[in-house]
Every structure is written in C-alpha cells, then in structure tokens.
Amino acid sequence: MRRSILLAASALAALISQPALAKEVTLHLTAKEVSLPVDNKGTMQASWTFEGQVPGPLLRVTEGDTVTMVLTNDPGNKNSHSIDLHAARVDVIKDFEAIKPGETKTFQFVANHPGAFYYHCGSDPMYQHIARGMFGVILVDPKNPKALPKADREYVLVQSEVYANPDDLHSIMKADWSNVVFNGVAFKYDPVHDPAATKMLVAKPGERVRVYFVNAGPNEFSSFHPIAGIWDAVYPSGNPQNKKVGMQSMVVGPGDGATFDLISPVEGANVIVDHSMAHAHTGAMAVVMFSNDADPNMGRGDLILVP
Ligand SMILES: [Cu+2]
313 MRRSILLAAS
323 ALAALISQPA
333 LAKEVTLHLT
343 AKEVSLPVDN
353 KGTMQASWTF
363 EGQVPGPLLR
373 VTEGDTVTMV
383 LTNDPGNKNS
393 HSIDLHAARV
403 DVIKDFEAIK
413 PGETKTFQFV
423 ANHPGAFYYH
433 CGSDPMYQHI
443 ARGMFGVILV
453 DPKNPKALPK
463 ADREYVLVQS
473 EVYANPDDLH
483 SIMKADWSNV
493 VFNGVAFKYD
503 PVHDPAATKM
513 LVAKPGERVR
523 VYFVNAGPNE
533 FSSFHPIAGI
543 WDAVYPSGNP
553 QNKKVGMQSM
563 VVGPGDGATF
573 DLISPVEGAN
583 VIVDHSMAHA
593 HTGAMAVVMF
603 SNDADPNMGR
613 GDLILVP
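If you read the sequence shown in the numbering used here, its first letter stands for residue 313, the second for the next number, and so on.
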C-alpha cells in the first residue's frame, strides 16, 4: 500500500516536472484615458493606461507559447495608442503601430525567451505616453518548472517617474520629475515614510519572495536594493540562465527588467528601494514585512500585483 502511494507520488512528481506544452494564448488589452491618484493622499492626474490602471494588468504566458496580442483603443479616448511588448520579436512598424480611438489591432509572436519583460505604449511622443502611465509587465515563465527554485510568494514592482505636468513635454525631456514611484503611487507600500499609506508587501521568514521588477522610466536608472536584506539571487531580464547570487543592489535601466529573490531569516521589515536617494525619498520605497502570521493571500493569485 505504502509502496504504491510512493510510486503514484513519484509518477505525479515526474509529470509536474515535465516541460510545459506550448499553448496558443490570446491576450486582450484596452487603452483607457482615465484619472488616477499618484500619491496616497489622492492627488489625481490625467493618466493614459492599459485597462484603467497603472501599471497595466500583469500578463503571463509560458516559454514557447504562441501569443496573439489584441489591443483596442477605447472609443472614448482622445489619443492614438499602441503596445510594444519586450517579450516579442516582430516588426516594429507593422505590429507596434499606433491605432486611433475605436480601432483594434492584432499581432502574433512566439514567446521564446523566459523572463520579466516590460510592455508600454510606443505612440508618439512615447516618453509622454510612458510618463502618463502606459506600461506594465509580461512574464514569460520558463517551460521547465525547475529552471527556477519555487517561489513562496511573488510580487510585481514597476518603477516610473511622475511628472507634475506631463503636458509640459520639455519637463519630461529634462527628467524634471516630481516623484519616482513603484506601481504608480509614491510610497504606495510604505507606511513608514508616508502615514497615508495603507499597504505593505508581506511574507514569512524563510519564504522565497520573488520580485519581478521592471523600470518603466521613462528616464531614470534604478539601483534596486532591499534595505536590511540581500538579494539571494538576481536574474537580469528574468532569464534563469542569467543567475547572479548574493547581490546587494542591481542597476536596472529604463526599459529593462529583472527577477529578484529575497529570503529573510528573521521577522521584521526590509524596505525595497531605488538606492538613488533622490528616487527613494520621493516615493521609490516599498516595505516587505516578514512575520510568522503573514497574510497567506498576499503575493499569490490576484495579489502578485498589489492594487
Ligand atoms: Cu499611448
């Protein structure tokens, strides 16, 4: 009896560790021009977004998948928009072209490279569309489920700059931003530096916390560092073959991304920052609270990209 259970368990384990079968996946995104808060006090800004949120929805496919991307420009919008997916190898002119309000565009690619990739609007002027919030993350999970150690929790952080008046194109070209932020809002997950913040990222001591990080820019580099922690592993572009270990910080430039694993041996807080102080102290800080009674839902399901 015990032997047959063991055999069944090993057969199941063999099945689970098989490379994933390539699938055909269709992803839909709609460009929406909305008003969104850029700080915890609710200061609103006219934003250009994917699906009315900054960053846009987390897209997730598996290495080898054939992906059909369907972009709709909401008929209520005033501007042309497009999508540039860094996970795709296609024709920039034909596939990443801008479409007018009310139009829909479709293109296809094979997700050959695993990783944490940036996506953004490339409509002219691209730096303004990015500065107004038109960006997000597409994860291409490796087809071999053992290519990376299993993560206990996953979080997505996207860095970007907030410009006080994004109608002033000159201010964006001069990088004259007011705040550098994670996930669209200054100090969004940092009640330590902003009493108006209500959220934190959480995990238990010993858990492997995987942070998929993309720097949307449009201009500033990020020196990505966990205060009171050390990155157990860093994978530039999120590719398992790019493994670095024991990193204190890693620079992620605008338009780039990486996967960062963090494990705390003790209870207490780490603060993930862009260690460039002008960036951290205007909003690029996120608390990760390690406690034995951490909320089991955080860092899983819909709470990988914490709203
Ligand atoms: Cu756009």
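Cβ atoms here follow ideal geometry from the backbone N, Cα and C, with glycine treated the same way.
Note that the coordinates shown come from a computational prediction; the quantities given were computed from them, not determined experimentally.
beta-carbon residue i near ligand 1 non-hydrogen atom, thresh 7 Å
| i | result |
| --- | --- |
| H393 | yes |
| M381 | no |
| S435 | yes |
| M446 | yes |
| L441 | First, the amino acid is wrong: residue 441 is His here, not Leu. Yes; taking the cut-off as 7 Å, the Cβ of H441 has a heavy atom of ligand 1 nearer than that. |
| A343 | yes |
| W360 | yes |
Which of helix, strand or coil DSSP assigns to residue i
| i | result |
| --- | --- |
| K556 | strand |
| M313 | Its pLDDT being 46, under 50, M313 is placed unreliably in this model, and the coordinates cannot settle the point. |
| V404 | helix |
| L339 | strand |
| M610 | coil |
| P575 | Sequence check: residue 575 is Ile here, not Pro. Coil. |
| S483 | helix |
| M589 | helix |
| Y475 | coil |
| M512 | coil |
| A443 | helix |
| L469 | strand |
| L615 | helix |
Spatial distance of residue i from residue j (CA atoms)
| i | j | result |
| --- | --- | --- |
| A528 | V382 | 21 Å |
| S347 | M562 | 33 Å |
| F536 | D586 | 5 Å |
| V514 | K406 | 42 Å |
| R520 | L574 | 6 Å |
| Q440 | H505 | 28 Å |
| K556 | A410 | 37 Å |
| M559 | G565 | 17 Å |
| E466 | S392 | 33 Å |
| M485 | P331 | 45 Å |
| P503 | M597 | 10 Å |
| V373 | V523 | 17 Å |
| A509 | Y501 | 6 Å |
| P369 | T571 | 18 Å |
| P577 | K390 | 51 Å |
| R612 | M438 | 32 Å |
| G541 | A334 | 37 Å |
| I371 | L617 | Looking at the sequence provided, one finds Leu at residue 371 rather than Ile. Distance between the alpha carbons of L371 and L617: 11 Å. |
Residues near residue i by beta carbon distance below 6 Å, same chain, minus five either side
| i | result |
| --- | --- |
| T384 | T342 and T416 |
| R444 | S359, W360 and P478 |
| T594 | N491 and V492 |
| G364 | K344 and V346 |
| R534 | Sequence check: residue 534 is Ser here, not Arg. Correct list, in chain order: Q471, N527, V564 and D586. |
| S483 | Y475 |
| A463 | R520 and R522 |
| C433 | H393, S394, H441 and M446 |
Neighbourhood of residue i by C-beta, 7 Å cutoff - its chain only, sequence neighbours within 5 removed
| i | result |
| --- | --- |
| P454 | E375, P426, L460 and P552 |
| F421 | V379, A400, R401 and V402 |
| K414 | Residue 414 is actually Gly in this sequence, not Lys. Excluding positions up to five away in sequence, the list reads N385 and P387. |
| A476 | S490 |
| V497 | P349, V350, D351 and N352 |
Cutoff 8 Å: residue i Cβ touching any chain B Cβ
| i | result |
| --- | --- |
| N527 | The chain labelled as chain B is not found in the depicted structure, where only one protein chain is given. |
Contacting residues, own chain, Cβ-Cβ under 8 Å from residue i (five flanking each side not counted)
| i | result |
| --- | --- |
| T418 | T380, M381, V382 and L383 |
| E579 | P517, F602, S603 and N604 |
| M313 | Annotation note: pLDDT 46 at M313 (below 50); position unreliable, coordinate value reported separately. No residues qualify anywhere along the chain. |
| K353 | A508 |
| D544 | R520, V557, G558, D573, L574 and I575 |
| A590 | V492 |
| D607 | V514 |
Residue i Cβ short of 7 Å to ligand 3 heavy atom set
| i | result |
| --- | --- |
| P503 | In the structure on display, ligand 3 does not appear, and the ligands it does have are ligand 1. |
Kindly confirm or deny that the region 427–439 and the region 539–554 touch, where touching means at least three C-beta pairs closer than 8 Å. The region 427–439 makes contact with the region 539–554, as at least three CB pairs between them are under 8 Å.
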